[in-house]
Amino acid sequence: MARAKISTWDAAILRQAARDAFLKLHPKTQARNPVMFVVYLGSLLATGLWLASLAGRGEAPGGFTLGVACWLWFTVLFANFAEALAEGRGKAQAASLRRTRAATMAKKLATADRGSALTQVASTELRKGDHVLVEAGDLIPGDGEVVAGVASVNEAAVTGESAPVIRESGGDRSSVTGGTQVLSDWLVVRISADPGETFLDRMIALVEGARRKKTPNEIALSILLAGLTLIFLLATVTLLPFSIYSSTAAGQGSPVSVPVLLALLVCLIPTTIGGLLSAIGIAGMDRMIQANVIATSGRAVEAAGDVDVLLLDKTGTITLGNRQAHAFVPAAGVTAEELASAAQLSSLADETPEGRSIVVLAKERHGLREHDLESLGARFVPFSAHTRMSGVDLGARTIRKGAADAVEAFVTRAGGSFTPEVRGQVEAIARSGGTPLVVAEGPRVLGVVHLKDIVKGGIRERFAELRQMGIHTVMITGDNPLTAAAIAAEAGVDDFLAEATPEAKLRLIQQYQQEGRLVAMAGDGTNDAPALAQADVAVAMGSGTQAAREAANLVDLDSNPTKLIETVEIGKQLLMTRGALTTFSLANDVAKYFAILPAAFAGTYPLLARLDVMGLSSRESAILSALIFNALIILLLVPLALGGVRFRRLSASRLLRDNLLVYGAGGVVAPFLGIKLIDLTLHALGLF
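Residue numbers (this note's numbering): 75 to 762.
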């Protein structure tokens, strides 16, 4: 069964967030956020001043001081609530995952052999390197690598999807996750993690936020906000002696009270972004989780937003993934049926989609049926990355099919040669975007099988949007340069790497990084691990090998290579949201100057009365209206902080302009309207 989707606005999450908002009032928790810690201390001081006013020693009316104290506490609580609500979804996701992590009995084997001695042990007793037998209906007791067997596995506990997947020894589908269930057949699994260190354990800790650390950009912004807070704190503190001097020595008005200065300080420091900053970071990781991508750190999510080079595999990302046999192109003196028969014979043991499509095409075009392999006495030669060929030996007949240069070397060793005609056929197929597979029997070249790659619909438009965002796209493929160039042109990528090897991928990433660019790539195999470890943003497929998952900083549980594009968009949305709310927060202060400064100091400096452009009803109402707006705006912006600013695929300059227009200008205008509305409400209620 698929994992249930969890809503941030679930009643249980809201109730828990409300409780956690009060629990977060602990001084140690508040001290982690310098901006809100200043508000917290101000709340304590205002509460003390109110208690003093009850004893007749207050310097401001008790009701006004109480109002200041209450709204300062609300400001702190609303910021705590925003963070707790962002954490609430993660905790709910973690609880859902934790329910799937049940202790089970495991069938521990003495060796990797299925027939070796077997003992029943608890899954918690298994250690790295142990071998276990998992049969149909059993839960896989821990993370590991399949060393024998092939089975269908239900990974819904991890991916949220109920469609079973095939896991087998060798290749890139050998990794299994503890807590998933074998549906058919059997597997021998070598345990790769000790209890408490499994993939599911790491997921729970990351989703829960227990290991979330501030990202570099978040730290930099926190330092900036702390610096602004310190400046405003020093400025506000110095206003008190100036006010006292003006009222006594110069005989102008009365000195400003400490509750008023507290209200002024809290309204001037960047409380809006200070209160929402942590929630924005947590929500960014949560959006990754909703996309079924697990981030090992907030830094990975943030780095995804800064990426300007995207490396994408051709197969399964840019193309549909399964190349299909399209045509048989015979060499001179060879009939199409003869070529089709040899290609079919060499593909009978080939279980790849390409191999199966050759068998099917031979049947459809030439009526060729599958042969009795036992009667033929066939010895099949499997494909390998070293030879780049596969084929079959039938007595004295040696049939091979594969890449043109590999087959040419085979033919040359047998005493034959490539004809210019065959070379022309290979180049024509490659230029058209197809993949040529040359078929030869001994020294004789029979012709070429045309495999066709189909570019995904709409992918060209996606790449155009990425280019507009300033992201350079690179297609990675093992195809020859001509085929790669044709597919790259059709798909609309900016560049390509043909005949890619692990070393070539690594060198390409290092080259871009030396140019000062941030690189993202996706991979699933052990041979991708070096490049994934080098990339700034590395997305490993959940179905990939353990080596790939450990080298990456993001894991896609859906094992969808195109998720790399979505990952970049989520990262950019995080940066856009943080930037937009920072702009809005700083712009907010303009209106507060016009509300609090004339109310606080017009009695001492009459010229400041001209700043009261809103015509607020009274001094106390003006100060409390600004303070109330300052608290409520945090609460009103919580949905935007958690949901993120709407992502648009635009250039950085266009996004900056729109950000300044909407959140800069809006941040200036909104407080004027909000403060005036609150002032009218307070006046109508007869409070001031």
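Think of the CB as a built atom: it goes at the ideal place given N, C-alpha and C, for glycine as much as any other residue.
- Query: Do the CB positions of Leu128 and Gly116 come within less than 9 Å of each other?
  - Reply: no
- Asp387 lies in the beta strand (DSSP E); which residues open and close that run? In this chain, the beta strand (DSSP E) harbouring Asp387 covers 383–387.
- Message: Helix, strand or coil for Ala284? Go by DSSP, reduced to three states.
- Response: Since pLDDT at Ala284 reaches only 41, below the 50 mark, its modelled position is unreliable, and the value read off the structure follows with that caveat. It is coil, neither helix nor strand.
- Okay, do the segment 621–632 and the segment 644–661 touch, 3+ Cβ pairs below 8 Å being the bar? no
- Okay, do the segment 554–567 and the segment 598–605 touch, 3+ Cβ pairs below 8 Å being the bar? no
- Item | Burial state of Asp569 (16 or more Cβ within 10 Å) | By the 10 Å Cβ count, Asp569 comes out exposed.
- Query: Three-state secondary structure (DSSP) at Val311?
  - Reply: helix
- Taking contact to mean at least 3 C-beta pairs separated by less than 8 Å, is the segment 669–683 in contact with the segment 360–372? no
- Spatially closest choice to Gly252 from Thr149, Glu219, Asp424, by CA coordinates: Glu219
- Message: How far does the alpha helix (DSSP H) with Lys526 in it extend, from its first residue to its last?
- Response: Run containing Lys526: none in the alpha helix (DSSP H); it sits in the beta strand (DSSP E), 518–526.
- Query: Just checking my contact of Ile550 with Leu384 at CB under 8 Å: how many whole Å lie between their CB atoms?
  - Reply: Going by Cβ atoms, the distance from Ile550 to Leu384 rounds to 10 Å, so no, they are not a contact pair.
- With a threshold of 16 other CB atoms inside 10 Å of the CB of Gln542, please say whether the residue is buried or exposed. exposed
- Item | Three CB pairs or more closer than 8 Å across the segment 698–705 and the segment 657–670 | yes
- Message: Assuming Glu515 is part of the beta strand (DSSP E), what are its boundary residues?
- Response: Run containing Glu515: 509–515, per the beta strand (DSSP E) assignment.
- Would you kindly work out how many angstroms separate the C-alpha atoms of Leu207 and Gly216, rounded to a whole number? In a straight line, the C-alpha of Leu207 is about 11 Å away from that of Gly216.
- Message: With a threshold of 7 Å on Cβ separation, who are the neighbours of Phe306 within its own chain once the five nearest residues in sequence on each side are excluded?
- Response: Leu339, Leu342, Ile343
- Specify, as a first and last residue, the run of the beta strand (DSSP E) that Val206 falls within. 205–209
- Beta-ladder partner(s) of Val613, from DSSP: Ala596, Leu628
- Nonlocal neighbours in the same chain, by C-beta distance under 7 Å from Ser491, ignoring five residues either side: Val485
- Limits of the alpha helix (DSSP H) - the one that Asn704 falls within: Its alpha helix (DSSP H) spans residues 693–710.
- Item | Exposure of Ala284, with buried meaning 16 or more beta-carbon neighbours within 10 Å | Bear in mind that a pLDDT of 41 at Ala284, under 50, signals an unreliable position, so the model cannot answer this.
- Query: Mapping DSSP to helix, strand and coil, what is Ser258?
  - Reply: strand
- Message: To the nearest angstrom, how far is the alpha carbon of Glu199 from that of Ala572?
- Response: 47 Å
- Message: When you compare the CB positions of Leu698 and Leu734, do they come within less than 9 Å of one another, or not?
- Response: no
- Short check: CB of Ala210 to CB of Ser243, under 9 Å? no
- Item | Cα-Cα separation, Phe675 to Leu298 | 28 Å
- Item | Assigned secondary structure, Glu501 (DSSP; H/G/I helix, E/B strand, else coil) | helix
- Return the CA-CA distance between Ile708 and Thr310, expressed in angstroms with no decimal places. 23 Å
- Task: Please check the pair Lys202 and Asp268, which I expect to be a contact at CB under 8 Å, by giving their CB distance rounded to whole angstroms.
- Result: Rounded, the Cβ-Cβ distance is 5 Å, consistent with contact.
- Item | Among Arg652, Glu501, Arg163, nearest to Ile293 - alpha-carbon criterion | Arg652
- Limits of the alpha helix (DSSP H) - the one that Leu660 falls within: Boundaries of the alpha helix (DSSP H) around Leu660: 637–675.
- Task: Look at Gly348 and Ala153 and say whether their C-beta atoms are less than 9 Å apart.
- Result: yes
- Query: Opposite Met549 in the DSSP bridges: which residues?
  - Reply: Leu386, Phe570
- Query: So what does DSSP say about Lys475, is it helix, strand or coil?
  - Reply: strand
- Query: Which of helix, strand or coil does DSSP assign to Thr393?
  - Reply: strand
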